[in-house]
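Asks:
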């Protein structure tokens, strides 16, 4: 599959202003604002949920690259094809976001995945589907990214993904997420910044259990009451609620959050 490289996209935007008239204006060509190391982040951070799913085709290289160039942390979801290839899509089925493929992601072949396209939320051009390898070839080590290993992944698949990150030397370039506490523990034990995702209630694990597992980040629903968000913040956890409609909605969160997820990082 052919994807624009970051350098090519920067060159293109210098000529056109943006990749499509329906897309937001980007940072000056030639600049990449997102740090390459977690240790270099400044807070609060803005995490571009699914690569900016309300602005760009969901989980597309265009969205990931534009997010990184404009200073946002690209976020993506990892599912697995029938042959075990890790690919980037939120749902466990293709129907909502893809054209040219349907049914369970785990039933699709790589050829079927490659021939599908990602729907555009604004009615513009569709985008090519993206494998994890393609993303890491494009942006791995250049910007901090926030991949989620989706629920349903086996422990072997969790380790498969982490092994690939290890091979590319990405320990300090990723914040790896999971809704599964055991997977989040494994992520932390493997030396990665681990983000434990929770719902609109406090996690069933105590804050001591979370921190004792080496987990530094918690991602609750933004609907979690502010007093509960403060409980997590006061425990010393980096709290990044999901998913604000736009970056401008971040003001609704209490002081002390480390950042937030948003489907539109460009609208303040």
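In full-length UniProt numbering, the protein residues as written are 1 to 268.
C-beta atoms are modelled at their ideal positions from N, C-alpha and C, and glycine is treated no differently.
To which residues does DSSP link residue 177 through a beta bridge?
Replies: Here residue 177 corresponds to residue number 177 of the chain shown, with the count starting at 1. In the DSSP output, where bridge partners are listed per residue, residue 177 has 148 and 195.
Asks: For the beta strand (DSSP E) containing residue 80, name the first residue and the last one.
Replies: The residue given as residue 80 occupies position 80 in the chain shown. Its beta strand (DSSP E) spans residues 73 to 80.
Asks: Mapping the DSSP letters down to three states, classify residue 217 as helix, strand or coil.
Replies: Residue 217 sits at position 217 when you count from the first residue of the chain shown. Of the three classes helix, strand and coil, the one that applies to residue 217 here is strand, per DSSP.
Asks: Tell me which residues share the same chain as residue 249 and place their Cβ nearer than 6 Å to its Cβ, disregarding the 5 neighbours each side in the sequence.
Replies: Counted from its first residue, the chain shown places residue 249 at position 249. Answer for residue 249: no residue qualifies.
Asks: Please work out which residues of its chain come closer than 6 Å, Cβ to Cβ, to residue 74, disregarding the five sequence neighbours upstream and downstream, and give them in chain order.
Replies: What you label residue 74 is simply residue 74 of the chain shown in a count that begins at 1. Closer than 6 Å at the Cβ level, and outside the excluded window around residue 74, lie 48, 51, 64, 67, 68 and 145.
Asks: Going residue by residue through the stretch 27 to 72, where are the continuous beta strand (DSSP E) segments of at least 3 residues, counting only ones entirely within it?
Replies: Listed in chain order, they are 45 to 48.
Asks: In the DSSP assignment, find the beta strand (DSSP E) that holds residue 260 and state where it starts and stops.
Replies: As a working mapping, residue 260 is identified with position 260 in the chain shown. 259 to 262 is the extent of the beta strand (DSSP E) around residue 260.
Asks: Roughly how many angstroms separate the alpha carbons of residue 314 and residue 91, rounded to a whole number?
Replies: Since the first residue of the chain shown is 1 and the last is 268, residue 314 is not available in this structure.
Asks: For the stretch 207 to 217 against the stretch 179 to 194, are there 3 or more C-beta pairs whose distance is under 8 Å?
Replies: Cβ pair count under 8 Å is three or more, so yes.
Asks: Answer yes or no: do residue 327 and residue 246 have a C-beta to C-beta separation smaller than 7 Å?
Replies: Here the chain covers residues 1 to 268 and nothing more, so residue 327 does not appear.
Asks: Given 8 Å as the limit, is there contact between the stretch 218 to 231 and the stretch 191 to 207, that is, 3 or more CB pairs closer than that?
Replies: Yes, since at least three Cβ pairs between the stretch 218 to 231 and the stretch 191 to 207 fall closer than 8 Å, the two stretches touch.
Asks: Excluding five sequence neighbours on each side, which residues of the same chain lie with their C-beta closer than 8 Å to the C-beta of residue 95?
Replies: The residue given as residue 95 occupies position 95 in the chain shown. So the qualifying residues of the chain are 102 and 103.
Asks: Helix or strand or just coil, what does DSSP make of residue 185?
Replies: On the chain shown, position 185 is the one that residue 185 refers to. Of the three classes helix, strand and coil, the one that applies to residue 185 here is helix, per DSSP.
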